[in-house]
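Take the sequence shown: its letter number 11 is residue 37 in my numbering, and every next letter is one higher. Let me begin by presenting the structure, written as structure tokens, before commenting on it.
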Amino acid sequence: MTGREPSSTVATAVDVAGLHVRFGTVEAVAGVDLRAEPGQALALLGRNGAGKSTTMRVLAGVVPPSEGRVEVAGHDVRAEPLEAKRVVGYCPDVGGLVPRATPWEHLQLSARLRRLDGWEARGRALLEQFDLGAVAHRVTAGFSHGMGRRLSVVLAALHEPEVLLLDEPFDGVDPLGVEATFGVIEDARARGAGVLVSTHLRDLAVQVCAEVAVLRGGVRLATVSAEFMTGDEGARAYRALLA
27 MTGREPSSTV
37 ATAVDVAGLH
47 VRFGTVEAVA
57 GVDLRAEPGQ
67 ALALLGRNGA
77 GKSTTMRVLA
87 GVVPPSEGRV
97 EVAGHDVRAE
107 PLEAKRVVGY
117 CPDVGGLVPR
127 ATPWEHLQLS
137 ARLRRLDGWE
147 ARGRALLEQF
157 DLGAVAHRVT
167 AGFSHGMGRR
177 LSVVLAALHE
187 PEVLLLDEPF
197 DGVDPLGVEA
207 TFGVIEDARA
217 RGAGVLVSTH
227 LRDLAVQVCA
237 EVAVLRGGVR
247 LATVSAEFMT
257 GDEGARAYRA
267 LLA
């Protein structure tokens, strides 16, 4: 086993109530409520500056909440920061890679930090799935943006987390990478993990997530079914929400 099995006693994968995040006088998130069940994929959809990435950073334990309740797999991110981080796999929207390290060295470091045993076969399979096997021992400094995004998803998924957080995983990624990311999300859902996908790409969000939370200006405007956001009618509904 490479990671923890999703706990059958955890009723909610992600539970956020009244989340506020302030940076000085700037309120990046202004009272967001979110809920994702085990086995569910929820999309955070919105334009740049909507508060999507800040919300994901709070869930990942990178940024502290200024106000509100934030729990992942039953762990409060403020009261139990280490426990919360252990159950999360996080693909940040930018950064996170060491330019002078290879993909395989990134996997080794992640496995060591998480004290994983028997991770090598899964690591190789993920690299092949994301078409990174041929560059597994090449430093990431020369990687394209899309290659870096694909590696970030691999690192987030390696330990089979109970909560998978993917922030802009499709940005600059080719169709093969999109398909591989869809596979990781479906695998996580099948294991009973909760998945949050932050993106500004409505068409991809509705393909892989059952529900969509639309954010604007740090506020959640609505949470609707993916079906509601599909096709031309969905595009019109999305534009109306952001108007």
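Beta carbons are placed, not taken as given, at the ideal position from N, Cα and C, and that holds for glycine. What you are looking at is a predicted structure, and each value in this text was computed from that prediction instead of being measured.
Would you check if the distance between the CB atom of residue i and the CB atom of residue j is smaller than 7 Å?
| i | j | result |
| --- | --- | --- |
| Val40 | Ala62 | yes |
| Asp193 | Ser224 | yes |
| Ser92 | Val47 | yes |
| Gly203 | Arg164 | no |
| Gly121 | Arg242 | no |
Strictly by DSSP, which residues pair up with residue i?
| i | result |
| --- | --- |
| Leu202 | In the DSSP output, where bridge partners are listed per residue, Leu202 has none listed. |
| Asp102 | Glu97 |
| Thr225 | Leu71 |
| Glu53 | Arg48 |
| Glu237 | Leu68 and Ser251 |
On the CB-based measure, 16 or more other CB atoms within 10 Å of its CB, does residue i come out buried or exposed?
| i | result |
| --- | --- |
| Val52 | exposed |
| Val124 | exposed |
| Ser79 | buried |
| Leu45 | buried |
| Val189 | buried |
| Arg228 | buried |
| Gly144 | exposed |
| Ser178 | buried |
| Arg18 | Residue 18 is absent from the model: the chain starts at 27 and stops at 269. |
If I'm right that residue i touches residue j with Cβ under 8 Å, what's the distance once you round it to whole angstroms?
| i | j | result |
| --- | --- | --- |
| Leu191 | Tyr116 | 5 Å |
| Ala239 | Leu70 | 5 Å |
| Ala54 | Gly77 | 6 Å |
Straight-line CA distance for residue i to residue j?
| i | j | result |
| --- | --- | --- |
| Glu109 | Val96 | 13 Å |
| Ala216 | Gly65 | 6 Å |
| Glu253 | Tyr264 | 12 Å |
| Arg262 | Val58 | 23 Å |
| Ala99 | Asp213 | 18 Å |
| Arg83 | Gly149 | 24 Å |
| Glu186 | Phe208 | 15 Å |
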